[in-house]
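The sequence shown begins at 3 in the numbering used here and counts up one residue at a time.
Below: the structure, in structure tokens.
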Amino acid sequence: MLDEALTSLSADPDLVEFGQYFFEYYVKNVKSWAYCYRLHAGLNTNMHIERMHKTLKYIYLQGKSVQRLDKAIHAIMRFLRDKLFDRLIVLNNCKLTSKLKDLRKRHKTRLSMSVSVVQTTEGWNICSQNNDEMYAVTQINIVCQCLLKCENCQACIHQYSCTGLDSSVRWNVCKHIHYICHFNKDKSFLLCQRDNELDIHELSSEKDVIVDELGRRYSPIHIGMNDRREALKLKLNAMVDTLNSEEEIQAFVKNFASVKPTIDAIRLHNAEIPPLPHNKEIIPVNKKIIPQRRLFSTKKKTSNAARR
3 MLDEALTSLS
13 ADPDLVEFGQ
23 YFFEYYVKNV
33 KSWAYCYRLH
43 AGLNTNMHIE
53 RMHKTLKYIY
63 LQGKSVQRLD
73 KAIHAIMRFL
83 RDKLFDRLIV
93 LNNCKLTSKL
103 KDLRKRHKTR
113 LSMSVSVVQT
123 TEGWNICSQN
133 NDEMYAVTQI
143 NIVCQCLLKC
153 ENCQACIHQY
163 SCTGLDSSVR
173 WNVCKHIHYI
183 CHFNKDKSFL
193 LCQRDNELDI
203 HELSSEKDVI
213 VDELGRRYSP
223 IHIGMNDRRE
233 ALKLKLNAMV
243 DTLNSEEEIQ
253 AFVKNFASVK
263 PTIDAIRLHN
273 AEIPPLPHNK
283 EIIPVNKKII
293 PQRRLFSTKK
303 KTSNAARR
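See the structure below:
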């Protein structure tokens, strides 16, 4: 199907340039098409950018070819001004966005959940309600003041990440993150009750542990990249050696399967974006731009008399 599409694009004189662009930036990056290689990207901006470009070209630039930089910047500034006013209107009308509605819906779903949680060194593993899948929730140590926050959990979208679809693909606070926030609140409440029952001897030993931990944390030791790789290999080998059952092996393989796509996505994100082709053609200032092709319905409209 892809070969047929490329052939049809190259055969049409009006679409030859687009076919070259499509082959250069899309066909060579087939792995980036799937969501598994674009985890936690935030949102799919393809349609948003296309809509913004069309608004700038046909509304703020009136469909003309603009070569002066000051006019283009002025149009972008007017576009941003209007967007800010639209945002103020939405806030004053107390209109809920779709993300905030989904966030509150996931919080209500969390109230009916009753699953097991296992705390790990990197976060928490939470079981699925419907199947045997395991989701990994990680806390990101960041202080954020964004408005996309759950008031009951006191957690925003930037403070936690989950391997589920709501967090990794749709980029929202999923029900697993809500459940972990509730789990941490209950755990902190139990810890406060236990702390009130500590003896003096336990407090003195706790001070020694804290001093040792602080000294170890702030020690000026810088480990090289090769040493960190070797330490990671030893840690993984030791972890594999401790697996005793088929369920443990399956859980390890399932959680480890997402490591390679995540690393590939990071490498692809850090890769240098190739420059766009520069068009040296001189275009008159008062020339209208070529309008984009519009999709229209080919279905014939029936009159009311024909319906009767």
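In this text, a Cβ means the ideal position worked out from N, Cα and C, and glycines have one as well.
DSSP-derived helix/strand/coil call for W126: Taking the sequence shown and counting its residues from 1, the one referred to as residue 126 is at position 124. Note: W126 maps to strand in three-state DSSP.
Buried or exposed (CB count within 10 angstroms, at least 16 for buried), T165: Locating residue 165 in the sequence shown gives position 163, counting from the first residue. Looking at its Cβ environment, which holds 16 or more other Cβ atoms inside 10 Å, T165 is buried.
Inter-residue Cα distance where the pair is S10 and M3: As a working mapping, residue 10 is identified with position 8 in the sequence shown. As a working mapping, residue 3 is identified with position 1 in the sequence shown. If you take the alpha carbons of S10 and M3, they lie about 11 Å apart.
Whether Y162 touches M115 by CB criterion (7 Å): As a working note, residue 162 is residue 160 in the sequence shown. As a working note, residue 115 is residue 113 in the sequence shown. Not closer than 7 Å, so no.
Beta-carbon proximity check, C155 vs C183, cutoff 7 Å: Residue numbering aside, residue 155 sits at position 153 when the sequence shown is read from its first letter. Residue numbering aside, residue 183 sits at position 181 when the sequence shown is read from its first letter. Going by C-beta atoms, C155 is nearer than 7 Å to C183.
Rounded separation between I331 and L150 - CA only: Within the shown structure, residues of the chain are numbered from 3 to 310, placing residue 331 beyond reach of any answer.
First and last residue of the uninterrupted alpha helix (DSSP H) at M79: The count along the sequence shown starts at 1 and reaches residue 79 at position 77. Counting along the chain, the alpha helix (DSSP H) containing M79 begins and ends at L71 to N94.
Inter-residue Cα distance where the pair is E124 and N228: Reading the sequence shown from its first residue, position 122 is the one you call residue 124. Reading the sequence shown from its first residue, position 226 is the one you call residue 228. The straight-line gap from Cα to Cα measures roughly 22 Å.
Residue(s) in a DSSP beta bridge with C152: Counting from one through the sequence shown, the residue named residue 152 turns up at place 150. Answer is A157.
Contacts around I291, its chain only, beta-carbon distance under 6 Å, and the 5 residues preceding and following it disregarded: Within the sequence shown, numbered from 1, the residue matching residue 291 stands at position 289. Taken in chain order, the residues that qualify are G65 and S67.
Reduced DSSP secondary structure (H/G/I, E/B, other) of K103: Here residue 103 corresponds to residue number 101 of the sequence shown, with the count starting at 1. Helix.
Between the CA atoms of C152 and L167 - distance to the nearest angstrom: Walking along the sequence shown from the start, residue 167 turns up at place 165. Walking along the sequence shown from the start, residue 152 turns up at place 150. Computed Cα separation, rounded: 18 Å.
Cβ neighbour criterion (16 or more within 10 Å) applied to N143: As a first step, residue 143 is located in the sequence shown; it is residue number 141 there, counting from the start. Exposed, since its Cβ has fewer than 16 Cβ neighbours within 10 Å.
For V139 and H178, believed in contact at Cβ under 8 Å, the rounded distance: Here residue 178 corresponds to residue number 176 of the sequence shown, with the count starting at 1. Here residue 139 corresponds to residue number 137 of the sequence shown, with the count starting at 1. The beta carbons of H178 and V139 sit about 6 Å from each other, so the pair counts as a contact at 8 Å.
Cβ-based burial, V175 [other Cβ within 10 Å; buried from 16]: Here residue 175 refers to the residue found at position 173 when the sequence shown is read from its first residue. By the neighbour-count rule (16 or more Cβ atoms within 10 Å), V175 is buried.
D104 to I251 span [Cα, whole Å]: Numbered from 1 along the sequence shown, position 102 holds the residue referred to as residue 104. Numbered from 1 along the sequence shown, position 249 holds the residue referred to as residue 251. Each residue's alpha carbon lies about 35 Å from the other.
Classification of Y137 by the beta-carbon crowding that lies within 10 angstroms, buried from 16 upward: Counted from its first residue, the sequence shown places residue 137 at position 135. Its Cβ being crowded by 16 or more others within 10 Å, Y137 is buried.
Per-residue burial, S299 [other beta carbons within 10 Å of its own, 16 or more giving buried]: Mapped onto the sequence shown, residue 299 falls at position 297. By the 10 Å Cβ count, S299 comes out exposed.
Pairwise C-alpha distance: K56 and A74: Here residue 74 corresponds to residue number 72 of the sequence shown, with the count starting at 1. Here residue 56 corresponds to residue number 54 of the sequence shown, with the count starting at 1. Cα to Cα, A74 sits roughly 14 Å from K56.
Whole-angstrom distance between K30 and N257, CA atom to CA atom: Position 255 of the sequence shown holds residue 257. Position 28 of the sequence shown holds residue 30. Between N257 and K30, the C-alpha separation is close to 29 Å.
Selected residue, minimal CA-CA separation from R295, among S12, D16 and D5: On the sequence shown, position 293 is the one that residue 295 refers to. Selected option, being the one with the closest Cα: D16.
DSSP three-state assignment for Q121, whether helix, strand or coil: Start at 1 with the first residue of the sequence shown, and residue 121 comes out as number 119. Residue state, collapsed to three classes: strand.
Residues bridged to Q141 [DSSP beta-bridge criterion]: On the sequence shown, residue 141 is found 139 positions in, with the first residue counted as 1. Note: Q141 sits in a beta bridge opposite Y162.
S12, buried or exposed, once every other Cβ within 10 Å from all chains shown has been counted against 16: On the sequence shown, position 10 is the one that residue 12 refers to. With fewer than 16 other Cβ atoms within 10 Å, it is exposed.
Own chain partners of F25 with C-beta closer than 7 Å, once the 5 adjacent residues on each side are dropped: As a working note, residue 25 is residue 23 in the sequence shown. Once the five neighbours on either side are set aside, the close Cβ partners of F25 are L8.
W35 classed as buried or exposed, judged by whether at least 16 other C-beta atoms fall within 10 angstroms: The residue labelled residue 35 in the question sits at position 33 within the sequence shown. The residue in question, W35, is exposed, as its Cβ has fewer than 16 Cβ neighbours within 10 Å.
Selected residue, minimal CA-CA separation from F1, among R269, L238 and K289: Shown here, the chain extends from 3 to 310; a query on residue 1 therefore has no answer.
For K97, three-class secondary structure by DSSP: Taking the first residue of the sequence shown as 1, we reach residue 97 at position 95. The answer is coil: DSSP assigns K97 none of H, G, I, E or B.
Assumed close pair V120, N127 - CB separation to whole angstroms, cut-off 8 Å: For this step, residue 120 is matched to residue 118 along the sequence shown. For this step, residue 127 is matched to residue 125 along the sequence shown. Their Cβ separation, rounded to whole angstroms, is 4 Å, which keeps V120 and N127 in contact under 8 Å.
Burial state of S247 (16 or more Cβ within 10 Å): Numbered from its first residue, the sequence shown carries residue 247 at position 245. It is exposed - the Cβ of S247 has fewer than 16 other Cβ atoms within 10 Å.
Distance between Q22 and I61 (C-alpha atoms, nearest Å): Along the sequence shown, one-based indexing puts residue 61 at 59. Along the sequence shown, one-based indexing puts residue 22 at 20. So the two alpha carbons sit approximately 29 Å from each other.
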